[in-house]
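The structure under discussion appears below in the form of structure tokens.
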Amino acid sequence: MSFSALGLADELVRAVTELGYTIPTPIQEQGIPAVLAGGDLMAGAQTGTGKTAGFVLPILQRLMSVPIPEGRGKIRVLVLVPTRELAAQVEESVRSYGKYTKVTSLVVFGGVSINPQIHAMRKRVDILVATPGRLLDHVGQKTVDLSGVETLVLDEADRMLDMGFIRDIRKVLALLPKKRQNLLFSATFSDEIKELADGILSNPALIEVARRNATAELISQKVYNVDRDQKRQLLAHLIKEHSWHQVLVFTRTKHGANRLAEQLDKEGITSMAIHGNKSQGARTRALSEFKSGTLQVLVATDIAARGIDISELPHVVNYELPNVPEDYVHRIGRTGRAGSEGEAISLVCVDELRLLADIERKIKREIPAETVPGFDWDPKAKPEPILNGRNGPRPGGSGRQGQGGGGRQGQGAGRTGQGDRKQGQGHGAAKPQGQNHGGRPAGKPAGAKPAAARPVSSMQSGNKAEPNGNVVAPPREVNGNVAPPRQQRGSRTAVPALLGGHRSGGRHQ
Ligand code: AMP
Numbered sequence: 032m033s034f035s036a037l038g039l040a041d042e043l044v045r046a047v048t049e050l051g052y053t054i055p056t057p058i059q060e061q062g063i064p065a066v067l068a069g070g071d072l073m074a075g076a077q078t079g080t081g082k083t084a085g086f087v088l089p090i091l092q093r094l095m096s097v098p099i100p101e102g103r104g105k106i107r108v109l110v111l112v113p114t115r116e117l118a119a120q121v122e123e124s125v126r127s128y129g130k131y132t133k134v135t136s137l138v139v140f141g142g143v144s145i146n147p148q149i150h151a152m153r154k155r156v157d158i159l160v161a162t163p164g165r166l167l168d169h170v171g172q173k174t175v176d177l178s179g180v181e182t183l184v185l186d187e188a189d190r191m192l193d194m195g196f197i198r199d200i201r202k203v204l205a206l207l208p209k210k211r212q213n214l215l216f217s218a219t220f221s222d223e224i225k226e227l228a229d230g231i232l233s234n235p236a237l238i239e240v241a242r243r244n245a246t247a248e249l250i251s252q253k254v255y256n257v258d259r260d261q262k263r264q265l266l267a268h269l270i271k272e273h274s275w276h277q278v279l280v281f282t283r284t285k286h287g288a289n290r291l292a293e294q295l296d297k298e299g300i301t302s303m304a305i306h307g308n309k310s311q312g313a314r315t316r317a318l319s320e321f322k323s324g325t326l327q328v329l330v331a332t333d334i335a336a337r338g339i340d341i342s343e344l345p346h347v348v349n350y351e352l353p354n355v356p357e358d359y360v361h362r363i364g365r366t367g368r369a370g371s372e373g374e375a376i377s378l379v380c381v382d383e384l385r386l387l388a389d390i391e392r393k394i395k396r397e398i399p400a401e402t403v404p405g406f407d408w409d410p411k412a413k414p415e416p417i418l419n420g421r422n423g424p425r426p427g428g429s430g431r432q433g434q435g436g437g438g439r440q441g442q443g444a445g446r447t448g449q450g451d452r453k454q455g456q457g458h459g460a461a462k463p464q465g466q467n468h469g470g471r472p473a474g475k476p477a478g479a480k481p482a483a484a485r486p487v488s489s490m491q492s493g494n495k496a497e498p499n500g501n502v503v504a505p506p507r508e509v510n511g512n513v514a515p516p517r518q519q520r521g522s523r524t525a526v527p528a529l530l531g532g533h534r535s536g537g538r539h540q
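Residue numbers in the sequence shown follow the numbering used here, run continuously in steps of one, and reach 540 at the last position.
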């Protein structure tokens with residue numbers, strides 16, 4: 032299947048060809064015809080599946096098919112997204128996919144002066160990409176007219192609800208023409224999302240592509256057990272030892288991100304932190320330096336990392352495990368994207384074993400654990416409560432923590448720079464070679480059976496397509512036998528390991 036076979040105009044095919052896209056991803060293959068047909072769409076797809084082109088390309092085509100009016104015109108497409116980074120990236124995609132068309136676009140988000148946006152809004156804007164809060168600021172100042180919106184896109188709708196945007200979304204909905212096309216993208220389908228979808232979508236086409244937490248075939252996941260106070264040294268050791276040149280590191284708190292970036296920097300590993308307290312300028316600079324390869328390490332909190340699109344990112348490190356298993360899935364989804372292989376490493380101390388068990392339960396597989404020579408840990412050390420920044424201590428349990436969990440967050444600014452989105456540098460990374468002594472202490476939490484991937488949404492079942500076109504089968508037996516139980520922890524040899532699927536035969540090419 033090619034892009035032109037999907038019925039896309041030559042101008043669009045040319046643009047994506049120049050970006051190196053030759054074959055539509057599954058979300059594109061299914062989503063483009065559905066959007067072109069003009070109906071509503073509910074798509075289960077997360078970042079990394081190619082979903083942006085899945086809605087931007089057919090939207091551009093529909094806009095092109097009606098002659099663009101002279102003069103200012105009205106906004107015809109509104110794309111709502113949860114974070115400033117995602118807003119900037121989506122609009123950048125609109126511009127690069129639409130570079131041979133006359134369609135115009137603008138991005139607006141908070142955290143920066145509204146005046147340049149007001150100025151830009153006076154010119155013709157066909158596609159507006161916005162975070163909900165800043166859009167409502169424009170509504171309040173009467174600097175935006177939404178009465179001509181023909182298509183509404185809610186991108187990462189689950190994130191928008193997580194971040195407390197539901198009221199803002201409802202306010203925006205009330206300002207749109209009743210008759211319009213609605214496209215909703217979400218990585219998860221909670222009752223809240225279903226309720227939102229029920230209220231907005233009319234007879235939608237349903238599409239779901241494999242979630243990375245269900246498959247993650249291309250991501251090699253590994254746990255390094257380590258003592259709490261040895262984490263930084265271990266991270267620096269791994270980066271130096273294996274010459275990692277582009278590592279995205281996650282911390283639990285903004286303060287922790289700052290401190291770690293500073294310490295790594297002092298050790299000669301170029302690092303910057305990216306989180307909600309940083310100015311938009313600092314965030315944009317850090318991201319572009321990281322993408323271009325001048326910055327070795329980007330230390331991020333979960334919310335800040337949302338929407339970061341760096342293709343073929345070779346390494347993601349969980350310096351601290353997240354409290355919410357879904358965040359682990361989102362974090363590791365930053366690597367092994369768009370069909371390339373990646374490595375997700377978690378540095379886990381005794382305090383985090385419960386979090387690890389929650390994660391393994393969520394992804395339905397155990398993550399191989401080892402220790403690195405010289406960094407032996409004491410599995411019998413007394414666990415300490417996990418501190419979560421402004422939420423205070425929370426004993427190794429679950430629950431969302433204090434990073435913009437409610438209300439407006441992550442909204443930034445103005446038109447963004449142009450550029451090729453495919454700037455990742457995901458090659459030639461050495462694999463660490465830790466040894467397999469240690470592992471988890473006796474009494475390892477239960478819950479991580481050797482089950483293979485299964486779809487999380489109830490929308491569809493059966494085989495699932497990967498972004499690279501691979502199809503992933505649901506759990507099955509191997510040669511008629513049930514997949515063998517996994518090896519005992521502590522007795523196995525290093526599995527450099529593409530995890531999952533192998534034992535249960537769940538991976539198909
Ligand atoms: P998205 O899920 O929209 O954030 O896209 C994830 C990444 O995949 C981005 O870096 C896109 O540039 C890239 N991408 C999207 N569609 C394709 C395609 N058909 N072929 C190759 N790469 C793609």
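Quick reminder that beta carbons are idealized off the backbone N, C-alpha and C, glycines included. All of these numbers come straight from a predicted model, not from anything done at the bench.
Straight-line gap, residue i to residue j (C-alpha atoms, nearest Å)
| i | j | result |
| --- | --- | --- |
| Leu295 | Met303 | 9 angstroms |
| Ala313 | Asn234 | 43 angstroms |
| Val379 | Ala236 | 42 angstroms |
| Ile145 | Asn256 | 47 angstroms |
| Ser33 | Leu94 | 21 angstroms |
| Gln212 | Ala119 | 23 angstroms |
| Leu232 | Ser96 | 24 angstroms |
| Ala317 | Leu329 | 7 angstroms |
| Arg290 | Glu116 | 23 angstroms |
| Gly79 | Thr219 | 14 angstroms |
| Val125 | Thr48 | 15 angstroms |
| Asp189 | Lys297 | 38 angstroms |
| Gln148 | Glu181 | 22 angstroms |
| His169 | Ala228 | 25 angstroms |
| Ser217 | Val347 | 23 angstroms |
| Leu344 | Ile398 | 20 angstroms |
| Lys395 | Gly195 | 29 angstroms |
| Asn308 | His286 | 10 angstroms |
| Glu272 | Ile300 | 12 angstroms |
Sequence-distant residues of the same chain with beta carbon closer than 8 angstroms to residue i, five excluded per side
| i | result |
| --- | --- |
| Val121 | Thr83, Val87, Val110, Val112, Val138, Val160 and Asp186 |
| Asp331 | Before going on, a small fix: residue 331 reads as Ala here, not Asp. Leu279, Val280, Phe281, Thr282, Ala288, Ala304, Ile305, His306 and Ile339. |
| Ser551 | Summary: the structure shown does not reach residue 551, with the chain confined to residues 32 through 540, and so no result is reported for it. |
| Leu265 | Tyr255, Val257, Leu378, Val403 and Phe406 |
| Ala292 | Ser302, Met303, Ala304, Val328 and Val330 |
N-terminal and C-terminal residue of the alpha helix (DSSP H) that residue i is part of
| i | result |
| --- | --- |
| Ile149 | Asn146 to Met152 |
| Gln92 | Lys82 to Ser96 |
| Glu60 | Pro57 to Leu67 |
| Gly230 | Asp222 to Ile231 |
| Ala36 | No alpha helix (DSSP H) contains Ala36, which DSSP labels as neither H nor E. |
| Thr48 | Asp41 to Glu49 |
| Ala205 | Taken as a continuous stretch (DSSP letters only), Ala205 belongs to no alpha helix (DSSP H), as it is neither H nor E. |
| Ala412 | Unbroken run through Ala412: none, as it is neither H nor E. |
| Glu298 | Unbroken run through Glu298: none, as it is neither H nor E. |
| Glu272 | Lys262 to Glu272 |
| Gly171 | Pro163 to Gly171 |
| Ser127 | Arg115 to Tyr128 |
| Gly312 | Gln311 to Ser323 |
Neighbourhood of residue i by C-beta distance below 7 angstroms, restricted to the same chain and skipping five residues each side
| i | result |
| --- | --- |
| Asn510 | With a pLDDT of 27 at Asn510, under the threshold of 50, the modelled position of this residue cannot be trusted; read the value that follows with caution. Nothing meets the Cβ criterion. |
| Lys105 | Asp176, Ser178 and Gly179 |
| Gln92 | Leu39, Ala40, Leu43 and Leu67 |
| Lys202 | Leu167 |
N- and C-terminal bounds of the beta strand (DSSP E) containing residue i
| i | result |
| --- | --- |
| His346 | His346 to Asn349 |
| Tyr255 | Ile250 to Asn256 |
| Val280 | Val278 to Phe281 |
| Leu109 | Val108 to Leu111 |
| Ala212 | The question names Ala, but residue 212 in the sequence shown is Gln. It spans Gln212 to Ser217 - the beta strand (DSSP E) in which Gln212 sits, taken as one unbroken run. |
| Val330 | Val328 to Ala331 |
| Gly75 | Leu72 to Gly75 |
| Ile305 | Ser302 to Ile305 |
Rounded distance between the beta-carbons of residue j and residue i, thought under 8 angstroms
| i | j | result |
| --- | --- | --- |
| Leu67 | Ser127 | About 20 angstroms separates the two Cβ atoms, so there is no contact after all. |
| Thr135 | Arg155 | 5 angstroms |
| Leu183 | Leu207 | 6 angstroms |
| Ile390 | Pro356 | 5 angstroms |
| Asp193 | Gly164 | No, Asp193 and Gly164 are not in contact; Cβ-Cβ is about 15 angstroms, not under 8 angstroms. |
| Asp71 | Val108 | Between Val108 and Asp71 the Cβ distance is about 14 angstroms, and since that is not below 8 angstroms, they are no contact. |
Spatial neighbours of residue i in its chain, beta-carbon cut-off 6 angstroms, leaving aside the 5 residues before and after
| i | result |
| --- | --- |
| Gly81 | Thr56, Ile58, Gln59 and Pro498 |
| Thr53 | none |
| Pro89 | Ile63, Val66 and Leu67 |
| Arg24 | Look at the range of the chain in this structure, 32 to 540, and you will see that residue 24 is not part of it. |
| Tyr359 | Pro353 and Ile390 |
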